[in-house]
Amino acid sequence: MSLSDFAVKKAKPKDKGYKLFDGEGLYLWVTPAGGKHWRLKYRIKGKESLFSIGSYPDDTLAQARVKKAEAKKLIKQGIHPLDDKKKQELRDIAQDDNRFILVAGRWFISKLSKWKEHHAEDIWFSLENHIFPYIENTPITALDEPLEILEILKKPEELGSYELSKKLHQRLSAIFAFAVLEGRIKHNPVVDLKGLLKTHKKENYAHIKEVDELPRLISDIRNYSGSPITRIAMELSFYWFLRPGTIRMLEWKFIDEERNILNLPPEVMKMNQPLIVPIAKQAINLIKELHQFNGHSKYMFCQSHDPKKYMSENTVNQALKRMGYKGKQTAHGFRHIASTHLNEMGYRFDLIEKQMAHGEKDEVRAAYNKAEWIPERTEMMQTWANYIDSLADDQNNVVTGKFKTTKARA
């Protein structure tokens with residue numbers, strides 16, 4: 124049965140999000156916070172996908188149906204609606220112009236079909252945040268001084284983000300190489316700058332190593348006076364110990380509320396392998412709190428000034444530095460803390476490696492590690508969350524040293 128305007132308008136939030144179906148894959152997703160979002164479920168080559176059409180009341184039921192019909196035309200041609208939307212947005216600005224942003228736009232369009240969605244977004248967001256503010260409208264023909272470009276690339280270095288500087292160098296070099304192929308410039312001024320950038324420093328993964336220092340870290344995070352979204356990102360990083368890039372790209376649709384798990388697709392994982400993450404009770408409460416701030420966005424950790432984009436790469440590390448943890452703790456360092464302590468708590472190596480989403484080079488072990496071990500990892504993740512809470516609850520009675528274990532658990 125199709126929806127009516129009255130049913131959409133009167134839909135009330137419940138304890139859990141729910142769907143109101145209109146037909147042909149179109150439905151209204153009503154969040155616990157009261158948000159109403161139009162979604163279109165569809166299949167291409169047998170693979171199910173989801174397209175975010177818009178939000179009510181900005182998009183009425185009639186408008187959502189029109190957008191559904193437009194998307195269906197693309198789907199019949201084997202084209203994902205989101206890919207087409209991105210291309211069209213860039214085509215609108217990518218005219219025959221020498222401005223850097225337009226050359227970058229044409230380069231981006233030429234590569235879009237080869238990239239996964241999240242990788243493409245990461246590339247474009249990095250240019251928007253770290254390159255365009257300085258040279259967006261500069262003619263690419265005028266960008267012929269390598270040292271001026273080097274100054275831009277070094278800005279993330281000043282914040283300790285050596286890996287980001289490396290990525291930006293690679294992307295700028297590719298854009299200038301594209302401009303050479305277009306005949307707009309004769310030489311790529313970026314190609315020789317790599318040796319002038321600092322190499323990745325090991326302390327970039329700095330982390331608290333002593334257990335008696337963890338209560339203070341946990342307390343500082345929970346009492347963080349900055350953005351509550353950043354605070355929750357740090358807390359969930361501690362509970363889940365996922366890679367920082369994966370945390371930033373998390374989408375609300377990854378959450379399976381009935382099973383209390385995160386279903387992470389390959390495109391947000393470094394090793395291009397899907398991962399199921401059991402959600403501990405403490406993390407569920409944080410997710411509910413986060414939804415009050417960001418439930419309207421596609422991303423769990425969206426940018427405050429642009430909810431269509433996910434959190435900047437430096438956000439968590441900058442927060443930790445402001446809290447006094449420069450050189451002591453980083454976003455990636457939460458993974459080291461969890462790995463070390465879970466091993467000391469006696470959990471099986473395979474369980475920890477699975478949760479860490481580490482690749483397995485040995486083919487025999489790789490085949491073995493296709494097992495998900497959901498019950499075992501669920502128990503491990505809840506125990507880990509309880510342990511974190513125990514440190515926070517009683518800072519005066521923290522057990523120091525290593526855990527005493529007699530046999531491997533789970």
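Just add 123 to wherever you are in the sequence shown, counting from 1, and you've got the working numbering.
Glycine included, C-beta positions come from ideal geometry on N, C-alpha and C.
(Q) Quick check: the Cα distance between residue 139 and residue 449, rounded to an integer number of angstroms? (A) The sequence position of residue 139 within the sequence shown is 16, counting from 1. The sequence position of residue 449 within the sequence shown is 326, counting from 1. Distance between the alpha carbons of residue 139 and residue 449 is about 39 angstroms.
Q. Can you name, in chain order, every residue of its own chain whose Cβ lies under 8 angstroms from the Cβ of residue 292, other than the five neighbours on each side?
A. The residue you call residue 292 lines up with position 169 of the sequence shown. Excluding sequence neighbours, residue 292 sits near 276, 313, 316, 317 and 320.
Q) So residue 451 packs on residue 331, CB below 8 angstroms; how close in whole Å? A) Taking the sequence shown and counting its residues from 1, the one referred to as residue 451 is at position 328. Taking the sequence shown and counting its residues from 1, the one referred to as residue 331 is at position 208. About 6 angstroms separates the two Cβ atoms, so the contact holds.
Q | Pair within 8 angstroms by beta-carbon distance, residue 479 and residue 458 | A | Locating residue 479 in the sequence shown gives position 356, where the first residue counts as 1. Locating residue 458 in the sequence shown gives position 335, where the first residue counts as 1. Yes, the Cβ-Cβ distance between residue 479 and residue 458 is below 8 angstroms.
Q: Return the CA-CA distance between residue 500 and residue 337, expressed in angstroms with no decimal places.
A: Along the sequence shown, one-based indexing puts residue 500 at 377. Along the sequence shown, one-based indexing puts residue 337 at 214. Rounded to whole angstroms, residue 500 to residue 337 spans 23 angstroms at the Cα level.
Q | Contact set for residue 154: own chain, Cβ-Cβ below 7 angstroms, skip 5 residues either direction | A | Start at 1 with the first residue of the sequence shown, and residue 154 comes out as number 31. Excluding positions up to five away in sequence, the list reads 136, 140, 414 and 418.
Q.
Short of 8 angstroms in beta carbon distance, which residues of its chain neighbour residue 257, apart from the five on each side in sequence? Order them along the chain.
A. For the purposes of this step, residue 257 is taken as residue 134 along the sequence shown, with counting starting at 1. Here the set comprises 275.
(Q) Quick test of the definition: if touching needs 3 or more C-beta pairs under 8 angstroms, does the region 292-304 touch the region 222-237? (A) Remark: three or more beta-carbon pairs, one from each stretch, lie closer than 8 angstroms, so the region 292-304 and the region 222-237 are flagged as touching.
(Q) To test your reading of the DSSP string, which unbroken alpha helix (DSSP H) runs of 4 or more residues are found completely within the region 361-438? (A) Secondary structure within the region 361-438: the alpha helix (DSSP H) runs of 4 or more consecutive residues, fully enclosed, are 367-372 and 404-417 (chain order).
Q.
Which of the three DSSP states is assigned to residue 235 in this structure?
A. Position 112 of the sequence shown, counting from 1, holds the residue named residue 235. Helix, per DSSP.
Q: Helix, strand or coil for residue 218, going by three-state DSSP, please let me know.
A: Taking the sequence shown and counting its residues from 1, one reaches residue 218 at position 95. Low confidence applies here, because residue 218 scores a pLDDT of 46, under 50, leaving its location unreliable and the question unanswered by this model.
Q: Look at the alpha carbon of residue 491 and the alpha carbon of residue 399, and state the distance between them as a whole number of angstroms.
A: One-based indexing of the sequence shown puts residue 491 at position 368. One-based indexing of the sequence shown puts residue 399 at position 276. Here the model assigns residue 491 a pLDDT of 44, short of 50, so the residue's position is not dependable, and the following value carries that caveat. As the crow flies, the alpha-carbon of residue 491 is around 16 angstroms from that of residue 399.
Q. Helix, strand or coil: which one does DSSP assign to residue 445?
A. Locating residue 445 in the sequence shown gives position 322, where the first residue counts as 1. For residue 445, the secondary structure class from DSSP, reduced to helix, strand or coil, is helix.
**Q.** Boundaries of the alpha helix (DSSP H) in which residue 456 is found, first to last residue
**A.** Taking the first residue of the sequence shown as 1, we reach residue 456 at position 333. Looking at the DSSP string, the run of the alpha helix (DSSP H) that includes residue 456 is 456-467.
Q.
Using only CA atoms, which one of 427, 129, 474 and 174 lies nearest to residue 574?
A. Nothing in the structure corresponds to residue 574, since the chain is present only between 124 and 533.
Q: Per DSSP, which residues does residue 164 bridge with? Please list them.
A: Here residue 164 corresponds to residue number 41 of the sequence shown, with the count starting at 1. In the DSSP assignment, residue 164 forms a beta bridge with 173.
Q: Going by DSSP, name the residue or residues bridged to residue 178.
A: What you label residue 178 is simply residue 55 of the sequence shown in a count that begins at 1. DSSP lists 160 as partners of residue 178.
Q: For residue 440, count neighbouring C-beta atoms within 10 Å of its own C-beta (all shown protein chains included) and say buried if the count is 16 or more, exposed if not.
A: Position 317 of the sequence shown, counted from the first residue, corresponds to residue 440. With 16 or more other Cβ atoms inside 10 Å of its own Cβ, residue 440 counts as buried.
Q | One or two residues paired with residue 144 in a DSSP bridge | A | As a working mapping, residue 144 is identified with position 21 in the sequence shown. Within the DSSP bridge table, the entry for residue 144 names 150 as partners.
Q) Comparing alpha-carbon positions, which option in 246, 411, 260 and 376 lies nearest residue 287? A) Reading the sequence shown from its first residue, position 164 is the one you call residue 287. Of the listed residues, the one whose Cα sits closest to residue 287 is 246.
Q) Expressed to the nearest angstrom, what Euclidean distance is found between the alpha-carbon atoms of residue 534 and residue 196? A) Residue 534 lies beyond the residue range present for the chain, which begins at 124 and ends at 533; the question has no answer from this structure.
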